[in-house]
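S.K.:
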Amino acid sequence: MFGLADVNSFYASCETLFRPDLRGKPVVVLSNNDGCVIARSAAAKILGIKMGVPWFQIKSQDFPESVHVFSSNYALYHSLSQRVMASLEEMTPRIEQYSIDEMFLDVTGIGAVEEYDTFGHRLRAHVLSTTGLTVGCGLAPTKTLAKSAQWAGKEWKQFRGVLALTPENRKRTEKLLSLQPVEEVWGVGRRLSKKLATMGIKTALDLARSNPALIRRNFSVVLERTVRELNGESCILLEETPPPKQQIVCSRSFGERVTTYDAMRQAVCQYAERAAEKLRSERQFCRHVAVFVKTSPFTENEPYYGNVASEKLLIPTQDTRDIIAAAMKALDRIWLNGHRYAKAGCMLNDFTPTGVSQLNLFDDTQPRSNSNQLMKVVDGINHSGLGKVWFAGRGIAPDWQMKRDLLSPAYTTRWVDVPSARLC
DNA sequence: TCTGGGGTCCTAGGACCC
DNA sequence: TCTGGGGTCCTAGGACCC
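Structural data, given as structure tokens:
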């Protein structure tokens, strides 16, 4: 049996946690650069604010109640996510963090002791009392069904956020699936649901009852697994330790359009540096560095330009200097004057766990000496909390830096921002 | 003026090998 | 008329997730 715990309106709830004055009020959180709405409190949903709308399109709208808006504060969300994880772990030791606000739990055997629904409510109460955040919980014999249960728990108020589907009560499962539109099933997106609709498959139950072989022929093995999971056959296991990453991406939209080569070099340098840092924290080396640049796809009267170039490295590296150098070489191959660039990024691929390579035993190019020590020193300073060092190519406080005008304090990760309580 | 960021997996097709 | 069979590796593109 799997459990799925999901924090309600996670980012918006984080913003109200240390602001009791905002409880029950419309709160929205914006994407990086204060671009789109990516989280809404219940009250904001009632006002009709849709997920993903660009904020500039609705910010001057006349809402019946004032809307409280925040820039994304990932330091805060990440730290609260870890608190929720720790809280869940106290009740179910085997957990998989699936995303910043969702955790899969192994609840096998709980049913022998108490009803799964009862357990779900206890879990919810525990997380609320230890973190101040409310989770929804779905319990079922497969991950896909746990997702459906969680969806239903949110959809129908009478469940109070908790719903369990057991193999013994297949009737209840089928009832739920017959009410769930197929596009709400985990793993079925817009494209697939459109194609499924042409085959007469409209609900989760329709999908569960379709022939797995036919689904595999017409779609892929991925959707076949979904069909099996909906029928209670577990195909997707709990992954307690995340598998090593296969790709690292660092990319940002610019706060202001970038039009000069120098500014773009600074931006790409910064992204390469950040990507290298992530690579080292994964204890990996990479052999492939790619850079992309693009103009805004939304502006009319301006030709769109987007391009990507990559460099293969002879020796696997995790040294920021190698990665910046490769990124700069790649950038030079795709840079075009005369565009107003909106975004750029750096991607690392083709990882190995070590830097040495048999192939290059007789090669002239040898790894940099003391690379390891230097990177250790750099990372050590940057993690110390005492200060930062960086490569000069990144520049200092450039114009194109991401906009976050509505950022809340780092309540849980910076001493001066820790909220204080006053006795009256 | 203004529209996020970071991932995974699968498939098809081409290059190349024997 | 008629042009093998079997395999690997790589890449691009498409789908999905949060």
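Numbering (the UniProt record's numbering), first residue to last: 1 to 424.
C-beta: ideal position from N, C-alpha, C; glycine also.
Note that the structure is a prediction, hence the values are computed from the model and not measured.
The beta strand (DSSP E) with S371 in it runs from where to where?
M.R.: Premise fails: S371 lies in the alpha helix (DSSP H), 371 to 384, not in any beta strand (DSSP E).
S.K.: Can you tell me whether Y77 is buried or exposed, with buried defined as 16 or more other CB within 10 angstroms of its CB?
M.R.: Y77 comes out buried.
S.K.: For D6, which residues does DSSP report across the bridge?
M.R.: Looking at the DSSP assignment, D6 forms a beta bridge with E102, G136.
S.K.: Less than 8 Å between C-beta atoms, sequence neighbours within five positions excluded: which residues of the same chain meet that for E240?
M.R.: Excluding positions up to five away in sequence, the list reads R94, I95, E96.
S.K.: Quick test of your reading: H288 and L313, contact by CB under 8 Å. State the CB separation rounded to the nearest angstrom.
M.R.: Indeed they touch by this definition, with Cβ atoms about 7 Å apart.
S.K.: Note down, in chain order, each residue of its chain lying with its Cβ closer than 6 Å to the Cβ of L80, except the 5 sequence neighbours on either side.
M.R.: The answer, listed in chain order, is C14.
S.K.: Report the residue from Q373, L237, G24 whose alpha carbon sits nearest the alpha carbon of T142.
M.R.: Closest option to T142, Cα to Cα, is L237.
S.K.: For C137 and V113, which I take to be in contact (beta-carbon distance under 8 Å), what is that distance rounded to the nearest angstrom?
M.R.: Their Cβ separation, rounded to whole angstroms, is 17 Å, which puts C137 and V113 out of contact at 8 Å.
S.K.: Look at the alpha carbon of S156 and the alpha carbon of L176, and state the distance between them as a whole number of angstroms.
M.R.: Per the sequence presented here, residue 156 reads as Trp, with Ser not at that position. So the two alpha carbons sit approximately 11 Å from each other.
S.K.: DSSP three-state label for F254, please.
M.R.: Note: F254 maps to strand in three-state DSSP.
S.K.: With DSSP as the reference, label P20 as helix, strand or coil.
M.R.: In the structure shown, P20 sits in a helix (DSSP, three-state: H, G or I).
S.K.: Please classify M103 as buried or exposed, where buried requires at least 16 neighbouring CB atoms within 10 angstroms.
M.R.: By the neighbour-count rule (16 or more Cβ atoms within 10 Å), M103 is buried.
S.K.: Would you mind sorting V253 into buried or exposed? The rule is 16 or more other CB atoms within 10 Å of its CB.
M.R.: The identity of residue 253 in the sequence shown is Ser, whereas the question assumes Val. With 16 or more Cβ atoms within 10 Å of its Cβ, S253 is classed as buried.
S.K.: Could you check the C-alpha separation between K376 and T134 for me, to the nearest Å?
M.R.: Near 39 Å, if we compare the C-alpha coordinates of T134 and K376.
S.K.: Helix, strand or coil for R422? Go by DSSP, reduced to three states.
M.R.: R422: coil per DSSP, three-state reduction.
S.K.: DSSP three-state label for H339, please.
M.R.: In the structure shown, H339 sits in coil (DSSP, three-state: anything other than H, G, I, E or B).
S.K.: So, is M1 buried or exposed, given that buried needs 16 or more other C-beta atoms within 10 angstroms?
M.R.: Buried, by the Cβ-count rule.
S.K.: In whole angstroms, what separates the C-alpha of E229 from that of T203?
M.R.: So the two alpha carbons sit approximately 15 Å from each other.
S.K.: Taking the alpha carbon of A5 as the point to measure from, which residue in D106, P26, A39 has its own alpha carbon closest?
M.R.: A5 has its Cα closest to that of D106, out of D106, P26, A39.
S.K.: State the Cα-Cα distance for the pair A197 and L374, rounded to the nearest angstrom.
M.R.: So the two alpha carbons sit approximately 57 Å from each other.
S.K.: With three or more C-beta pairs closer than 8 Å as the rule, is the region 264 to 272 touching the region 384 to 397?
M.R.: The answer is yes - the region 264 to 272 touches the region 384 to 397, with three or more Cβ pairs under 8 Å.
S.K.: By DSSP's criteria, K175 is part of a beta bridge. Which residues make up the other side?
M.R.: In the DSSP output, where bridge partners are listed per residue, K175 has none listed.
S.K.: Three-state secondary structure (DSSP) at residue 427?
M.R.: The structure shown does not extend to residue 427, since the chain is modelled only from 1 to 424, so the question has no answer here.
S.K.: Mapping DSSP to helix, strand and coil, what is D62?
M.R.: Here D62 sits in coil by DSSP.
S.K.: To the nearest angstrom, how far is it from the Cα of I248 to the Cα of A272?
M.R.: Their Cα atoms are separated by approximately 10 Å.
S.K.: Would you identify the three-state DSSP class for S234, choosing helix, strand or coil?
M.R.: Three-state DSSP puts S234 in coil, outside helix and strand.
S.K.: Within 10 angstroms of its Cβ, does D101 collect 16 or more other Cβ (buried), or is it exposed?
M.R.: Classification of D101: buried, given that the 10 Å Cβ count is 16 or more.
S.K.: Grouping DSSP H, G and I as helix and E and B as strand, with all else coil, what is A290?
M.R.: Note: A290 maps to strand in three-state DSSP.
S.K.: Are there 16 or more other CB atoms within 10 angstroms of the CB of Y116, so buried, or fewer, so exposed?
M.R.: Under this definition Y116 is a buried residue.
S.K.: What three-state label does DSSP hand N301 in the structure shown?
M.R.: Coil, per DSSP.
S.K.: Identify the continuous alpha helix (DSSP H) that holds T198 and give its terminal residues.
M.R.: Its alpha helix (DSSP H) spans residues 190 to 198.
S.K.: Check the C-beta distance from V182 over to L165 and give it rounded, since I have them as a contact under 8 Å.
M.R.: Not confirmed; about 17 Å, so no contact.
S.K.: How is the beta strand (DSSP E) around A309 delimited, first residue to last?
M.R.: Element bounds for A309: 306 to 317.
S.K.: Considering only the beta carbon of each residue, do S210 and V188 sit closer than 8 Å?
M.R.: No.
S.K.: Between the Cα of D399 and the Cα atoms of S369, L179, G255, which residue gives the shortest distance?
M.R.: Nearest option by C-alpha distance: G255.
S.K.: Using the C-alpha atoms, what's the distance from T412 back to S420?
M.R.: Using only the alpha carbons, I get a separation of about 12 Å.
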